[in-house]
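Protein chains in written order, with the working numbering: chain A, 1034 to 1111; chain B, 1034 to 1111; chain C, 1034 to 1111; chain D, 1034 to 1111; chain E, 1034 to 1111; chain F, 1034 to 1111. Using N, Cα and C, we set each Cβ at its ideal position, and we do this for glycine too. I have placed the structure first, in the form of structure tokens, so that the comments after it can refer back to it.
Protein chains: 6
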Amino acid sequence: MPYVNIQITREGATPEQKAELIKGATELLVRVLNKNPATTFVIIDEVDTDNWGVAGQSVTVLRWQEQFTSGVPAGIPA
Amino acid sequence: MPYVNIQITREGATPEQKAELIKGATELLVRVLNKNPATTFVIIDEVDTDNWGVAGQSVTVLRWQEQFTSGVPAGIPA
Amino acid sequence: MPYVNIQITREGATPEQKAELIKGATELLVRVLNKNPATTFVIIDEVDTDNWGVAGQSVTVLRWQEQFTSGVPAGIPA
Amino acid sequence: MPYVNIQITREGATPEQKAELIKGATELLVRVLNKNPATTFVIIDEVDTDNWGVAGQSVTVLRWQEQFTSGVPAGIPA
Amino acid sequence: MPYVNIQITREGATPEQKAELIKGATELLVRVLNKNPATTFVIIDEVDTDNWGVAGQSVTVLRWQEQFTSGVPAGIPA
Amino acid sequence: MPYVNIQITREGATPEQKAELIKGATELLVRVLNKNPATTFVIIDEVDTDNWGVAGQSVTVLRWQEQFTSGVPAGIPA
């Protein structure tokens, strides 16, 4: 009866993509640990980019910086 | 000073029901472990049915399936 | 299919007390929101007192202070 | 590569204040544990006052009570 | 930069199995949402069976009941 | 009454360092959002390196790789 919590930034994941995450995470627990899928929970949290920080900055700011460069700034994760 | 997090699907819990959950969880910690209610936190997360998966499917899909059957599909929790 | 996470300091809760928390939290969700107990999860986290802070101090320090006073210091939760 | 989750009531924190929380939490981990800021995550959850309970009541009710008193009720945290 | 938290009962998952969970969850996020694996975190929590409840009982009790029956009790998840 | 959860790998943080994290996180919430320190909780989770994954590998493996290179492998966070 595992519980899986997936946290991502809210940047347009579709219901189909979220369904794939649910299916994939459940299958992973079944395959690796032989868990019962009927009691495997997967909860997806979509977090506003103002509320997710990395490298000391909000993702809102990081995305804005990326627009003005040719890609992800060196050393800052995408 | 306990912290209780209750995660449920967002399916119409009313403010009165949420107040009952807060009151009940607080009283539980006071009764069982003699905790101080003034510093017992209860946080309720309501999760969209697209974002909650069980048995490898989103609750959105499960609820839709239930509408076309006489009840909860065998082996799938309500 | 709710998920309840109860976080308490690790200060000697017995298996019987933890079983009461599990039973009580499950009954609360059944009573208030008519949830199915068979798919209600309750997870208890016991946290070392060095790792739990309140009022800017660890609970280890707070408990030590309490030993040298007649009770909980004013304004600091028990 | 620490992960920091800050939960607050949704009561008007501005993007600038949230950016300060992200910056401050990241710097704290760098200063105390020499963590790499590029892989320090800070996630802020803003919780509706109906969904946050303390002292057995929702913060919605507590805030309403405060309006009719000269301050925070005795023994109830702000 | 997703964060994935997998909670399972502490019942003997090996380092190899946990490595598979980490690899599989990371690949899932890369495949479905094109996330950067270098900044995908996977945290596994192993929870004592006394501290995990389902159907109002601890998993410790459920496992003990299973030993005396031919399988999982009807309606109680494995 | 904020709640802060700090998750780090279990790699020898001392009680003094954890006390600094508690103090610093509490002060941050007081300074930025004028929160009441008496009801600010900080919970630190120390996670075994087998149970923390990044870049699809456990930190146990990453640390072992670092021992055989002059530093952090390119593109993998420290």
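Between GLU1049/B and chain C, is there a C-beta pair that is closer than 7 Å? On the second sequence, residue 1049/B is found 16 positions in, with the first residue counted as 1. Output row for GLU1049/B: interface = no.
Would you kindly work out how many angstroms separate the C-alpha atoms of GLY1089/D and ILE1041/C, rounded to a whole number? Translated into the one-based positions of the fourth sequence, residue 1089/D becomes position 56. Translated into the one-based positions of the third sequence, residue 1041/C becomes position 8. Near 17 Å, if we compare the C-alpha coordinates of ILE1041/C and GLY1089/D.
For a quick check, are the C-beta atoms of LEU1054/A and VAL1065/E less than 7 Å apart? The residue labelled residue 1054/A in the question sits at position 21 within the first sequence. The residue labelled residue 1065/E in the question sits at position 32 within the fifth sequence. Contact: yes.
What residue range does the alpha helix (DSSP H) around PRO1057/F cover? Numbered from its first residue, the sixth sequence carries residue 1057/F at position 24. Position check: residue 1057/F holds Gly in this sequence, whereas Pro was assumed. Note, GLY1057/F: alpha helix (DSSP H), 1048–1066.
Taking the straight line between their C-alpha atoms, what separation do you get for THR1072/D and VAL1037/D? What you label residue 1072/D is simply residue 39 of the fourth sequence in a count that begins at 1. What you label residue 1037/D is simply residue 4 of the fourth sequence in a count that begins at 1. Near 11 Å, if we compare the C-alpha coordinates of VAL1037/D and THR1072/D.
What does the Cβ neighbour count give for GLN1098/D, buried or exposed, with the cut at 16 atoms within 10 Å? Here residue 1098/D is taken as the residue at index 65 of the fourth sequence, counted from 1. Flag for GLN1098/D reads exposed.
Distance between GLU1060/B and LYS1068/B (C-alpha atoms, nearest Å): Position 35 of the second sequence, counted from the start, is the residue given in the question as residue 1068/B. Position 27 of the second sequence, counted from the start, is the residue given in the question as residue 1060/B. Their Cα atoms are separated by approximately 9 Å.
What residues from chain F crowd round PRO1035/E, counting only those whose CB sits closer than 9 Å? For the purposes of this step, residue 1035/E is taken as the residue at position 2 of the fifth sequence. Near PRO1035/E there are no residues of chain F at all, since even the closest Cβ is about 11 Å away, more than 9 Å.
Closest residue to TRP1085/A among ILE1077/A, PRO1035/A, ARG1043/A, PRO1048/A (Cα-Cα distance): Walking along the first sequence from the start, residue 1085/A turns up at place 52. The option with the nearest alpha carbon to TRP1085/A is ARG1043/A.
Per DSSP, what kind of secondary structure is ASN1084/A in: helix, strand or coil? Residue mapping note: residue 1084/A aligns to position 51 of the first sequence, counting from 1. It is helical.
Considering only C-alpha positions, which residue in the set ALA1052/C, ARG1096/C, GLN1100/C, THR1102/C is nearest to MET1034/B? Looking up residue 1034/B in the second sequence gives position 1. Checked all of ALA1052/C, ARG1096/C, GLN1100/C, THR1102/C; the closest Cα to MET1034/B is ARG1096/C.
If contact means a Cβ-Cβ distance below 7 Å, which residues of the region 1056–1075 of chain F contact chain B? THR1072, PHE1074
Range covered by the alpha helix (DSSP H) that runs through THR1093/D: Taking the fourth sequence and counting its residues from 1, one reaches residue 1093/D at position 60. Counting along the chain, the alpha helix (DSSP H) containing THR1093/D begins and ends at 1092–1100.
Close Cβ partners of LYS1051/C (< 6 Å) along its chain, the five nearest in sequence each way excluded: To locate residue 1051/C, count along the third sequence from 1; it is residue 18. Cβ within range, chain order: ILE1077.
Going by DSSP in three states, GLY1108/A sits in which element: helix, strand or coil? Residue numbering aside, residue 1108/A sits at position 75 when the first sequence is read from its first letter. Any reading at GLY1108/A must be qualified, since the residue scores a pLDDT of 49, below 50, and its modelled position is unreliable; no value is offered.
Check whether chain E comes within 7 Å of ASN1084/A, counting only Cβ atoms and requiring the distance to be less than that. Locating residue 1084/A in the first sequence gives position 51, where the first residue counts as 1. Chain E contact via Cβ: absent.
Less than 7 Å between the C-beta atoms of ASP1083/D and SER1091/D, yes or no? Walking along the fourth sequence from the start, residue 1083/D turns up at place 50. Walking along the fourth sequence from the start, residue 1091/D turns up at place 58. Yes.
Between PHE1074/F and chain G, is there a C-beta pair that is closer than 7 Å? Considering every chain present, this structure includes no chain G. Its protein chains are A, B, C, D, E and F.
Ignore the nearest five residues each way along the sequence and tell me which others in ALA1058/B's own chain have a CB closer than 6 Å to its CB. The sequence position of residue 1058/B within the second sequence is 25, counting from 1. If we look at ALA1058/B and ignore the five residues flanking it on each side, its Cβ neighbours are VAL1037, VAL1075.
DSSP state of THR1042/B, grouped into three classes? Stepping through the second sequence from its first residue, residue 1042/B is reached at position 9. THR1042/B falls in the strand class under three-state DSSP.
When the Cα of LYS1056/A is compared with those of GLY1045/B, VAL1087/B, THR1047/B, PRO1048/B, which residue comes out closest? Within the first sequence, numbered from 1, the residue matching residue 1056/A stands at position 23. LYS1056/A has its Cα closest to that of VAL1087/B, out of GLY1045/B, VAL1087/B, THR1047/B, PRO1048/B.
Do you know how far the Cα of GLN1100/F is from the Cα of LYS1079/D? Here the question's residue 1079/D lines up with position 46 in the fourth sequence. Here the question's residue 1100/F lines up with position 67 in the sixth sequence. The question names Lys, but residue 1079/D is Glu in the sequence shown. Distance between the alpha carbons of GLU1079/D and GLN1100/F is about 41 Å.
Using beta carbons (cut-off 7 Å, strictly below), is ILE1041/E in contact with chain F? One-based indexing of the fifth sequence puts residue 1041/E at position 8. Output row for ILE1041/E: interface = no.
Nearest-angstrom Cα separation, counted from ALA1046/B out to GLY1045/A: Counting from one through the first sequence, the residue named residue 1045/A turns up at place 12. Counting from one through the second sequence, the residue named residue 1046/B turns up at place 13. C-alpha separation (whole angstroms): 26 Å.
CB contact check: ALA1088/B to chain A, cutoff 7 Å: As a working note, residue 1088/B is residue 55 in the second sequence. True, the Cβ-Cβ gap to chain A drops below 7 Å.
Once you ignore the five residues that flank ILE1039/D on each side, which residues in its own chain have a CB closer than 8 Å to its CB? Walking along the fourth sequence from the start, residue 1039/D turns up at place 6. Excluding residues within five positions, the ones whose Cβ falls inside 8 Å are LEU1054, ALA1058, VAL1075, ILE1076, ILE1077, ASP1078.
Just how far apart, CA to CA, sit GLU1049/D and PRO1048/B? The sequence position of residue 1049/D within the fourth sequence is 16, counting from 1. The sequence position of residue 1048/B within the second sequence is 15, counting from 1. Straight-line Cα distance between these residues: approximately 30 Å.
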